[in-house]
Amino acid sequence: MLNLTLTLTTRLTLCLTTLLTLCLTTLLTLCLTTLLTLCLNHIMFMIFYNIANFDFSCGNTVGGLQNMNFHDLKKSGHKYGLLILFDCHLAPPYGDIMKVETSGASWRTAKADGGNDEGVLASHIMAEHDRAAMDKYKRLIMKVAKRNEVDPAVICGIISRESRAGTGLDKHGRGDNGKAFGLMQIDTTPAPSGGGHTPKGEWNSEEHLQQGGIAAYNKGDEVEVDTHTTGVDYSNDVVARAQWFYNHGYRETSK
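Take a look at the structure:
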């Protein structure tokens, strides 16, 4: 009888010990997992914080992360720290052209193209007309844009405005009565009356696109830049055209 009691007590003790060990192991594993997750979140947060300098954007909406930057992430706590790695990508090194307000082309500019509209609609119509010609240079545009960290849509906007994607030039790639050269119409008129630039490469080459700058900026730093440009609408027209091209295959992720 005594031996039976001892056996039952031993078995009960063994069961309780096993159960307690299992509970402690589970609790310890959970604590270590939570601690490891917090550490990884903090490490990854600091890595991307330093790389992106607070400038992250998200392509999809996951858990309210769309357009969340690291200021927002820091406020929201650690719970999005790992998720953001799979949902977000480094923002391009330039501003979002789609957020720029624009009044589009003036009636004068649209009329010169044979249109009867004005404003953003007119700019979009002209951009659409240039689409087929622009696509011939898409590979070069995307390559130069990536190399120089320039929005490819903006390059398209300038090319459309300046040369109608090459369709408004003569056989030598000249426009503006021979004063400008290439898709982006580099001003070759001698200084001080003109830009005095020396053309590089063929009028439709990568070298030419590399040379091309945002011509709107060569008018100085006046607040009303457009008042000094042809049609009194240069930057507004270029932006509106760029926005159209952005929505039709010319953005950083385009292939």
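Each residue of the sequence shown is one higher than the one before, counting from 1 in full-length UniProt numbering.
Where a beta carbon is used, it is the ideal one built from N, C-alpha and C, also for glycine.
Predicted, not measured: the structure shown is a model, and the values here were computed from it.
Exposed unless 16 or more other CB atoms sit within 10 angstroms - verdict on T102:
In the sequence shown, the residue the question calls residue 102 occupies position 102. Burial call: buried.
Helix, strand or coil, according to DSSP, for D113 in the structure here?
For the purposes of this step, residue 113 is taken as the residue at position 113 of the sequence shown. Coil, per DSSP.
Measure how close the beta-carbons of S123 and R241 come, nearest whole angstrom, since I'm counting them as under 8 Å.
The residue given as residue 123 occupies position 123 in the sequence shown. The residue given as residue 241 occupies position 241 in the sequence shown. Contact between S123 and R241 holds, with the beta-carbon distance rounding to 5 Å and staying under 8 Å.
Helix, strand or coil for G175, going by three-state DSSP, please let me know.
Taking the first residue of the sequence shown as position 1, residue 175 is located at position 175. In the three-state DSSP reduction, G175 falls in the strand class (E or B).
Buried versus exposed, by CB contacts within 10 Å (16 or more), T109:
Here the question's residue 109 lines up with position 109 in the sequence shown. Label assigned to T109: buried.
Tell me where the alpha helix (DSSP H) around A132 begins and ends.
Position 132 of the sequence shown, counted from the start, is the residue given in the question as residue 132. 119-135 is the extent of the alpha helix (DSSP H) around A132.
Sequence-distant residues of the same chain with beta carbon closer than 7 Å to I159, five excluded per side:
Counting from one through the sequence shown, the residue named residue 159 turns up at place 159. Result list for I159: M134, A165, L183, M184, in chain order.
Endpoints, the alpha helix (DSSP H) within which V150 is located
Taking the first residue of the sequence shown as position 1, residue 150 is located at position 150. Per DSSP, V150 lies in no alpha helix (DSSP H) segment and is marked neither H nor E.
Cβ-based burial, L82 [other Cβ within 10 Å; buried from 16]
Numbered from 1 along the sequence shown, position 82 holds the residue referred to as residue 82. Bear in mind that a pLDDT of 35 at L82, under 50, signals an unreliable position, so the number given afterwards is only what the model happens to contain. It counts as exposed.
Other residues of its chain near V100: CB distance less than 8 Å, five sequence neighbours each side excluded
On the sequence shown, position 100 is the one that residue 100 refers to. Scanning its chain for C-beta atoms nearer than 8 Å, with the 5 sequence neighbours on each side dropped, one finds around V100 the residues V239, Q243, in chain order.
Straight-line Cα distance separating T25 from C15:
Indexing the sequence shown from 1 puts residue 15 at position 15. Indexing the sequence shown from 1 puts residue 25 at position 25. Taking the straight line from one Cα to the other gives about 15 Å.
Just the C-alpha distance for K136 and T167, rounded to the nearest angstrom, thanks.
On the sequence shown, position 136 is the one that residue 136 refers to. On the sequence shown, position 167 is the one that residue 167 refers to. When rounded, the distance between both Cα atoms is 12 Å.
Would you call the CB atoms of G178 and S163 closer than 8 Å?
If you number the sequence shown from 1, residue 178 lands on position 178. If you number the sequence shown from 1, residue 163 lands on position 163. With respect to S163, G178 sits apart: the two C-beta atoms are not nearer than 8 Å.
Whole angstroms are fine: how far does the CA of M142 sit from the CA of R156?
Taking the sequence shown and counting its residues from 1, the one referred to as residue 156 is at position 156. Taking the sequence shown and counting its residues from 1, the one referred to as residue 142 is at position 142. A small correction: the amino acid at residue 156 is Cys; Arg does not occupy that position in the sequence shown. If you take the alpha carbons of C156 and M142, they lie about 10 Å apart.
On the CB-based measure, 16 or more other CB atoms within 10 Å of its CB, does D130 come out buried or exposed?
Walking along the sequence shown from the start, residue 130 turns up at place 130. Answer is buried; the Cβ neighbour count reaches 16.
Given this structure, state the Cα-to-Cα distance separating T173 from D96, to the nearest angstrom.
The residue you call residue 173 lines up with position 173 of the sequence shown. The residue you call residue 96 lines up with position 96 of the sequence shown. Note on identity: in this sequence residue 173 is Gly, with Thr being the wrong assignment. Each residue's CA atom was taken as its position, placing G173 and D96 some 31 Å apart.
Can you give the beta carbon distance from F245 to A127, rounded, assuming they're within the 8 Å contact cut?
Translated into positions along the sequence shown, residue 245 becomes position 245. Translated into positions along the sequence shown, residue 127 becomes position 127. The Cβ separation is near 6 Å, so the contact holds.
Determine the DSSP secondary structure at G220, reduced to helix, strand or coil.
Numbered from 1 along the sequence shown, position 220 holds the residue referred to as residue 220. Any reading at G220 is ruled out, since the residue's pLDDT is 37, under 50, leaving its predicted position unreliable.
Buried or exposed by the 16-neighbour rule on C-beta atoms within 10 Å, applied to A145
For the purposes of this step, residue 145 is identified with residue 145 of the sequence shown, where counting begins at 1. A145 comes out buried.
Is the beta carbon of F181 within less than 7 Å of some heavy atom of the ligand GTP?
This structure simply doesn't include the ligand GTP, nor any ligand for that matter.
To the nearest angstrom, how far is it from the Cα of A132 to the Cα of A191?
Looking up residue 132 in the sequence shown gives position 132. Looking up residue 191 in the sequence shown gives position 191. In this model, A132 and A191 are separated by some 35 Å (Cα to Cα).
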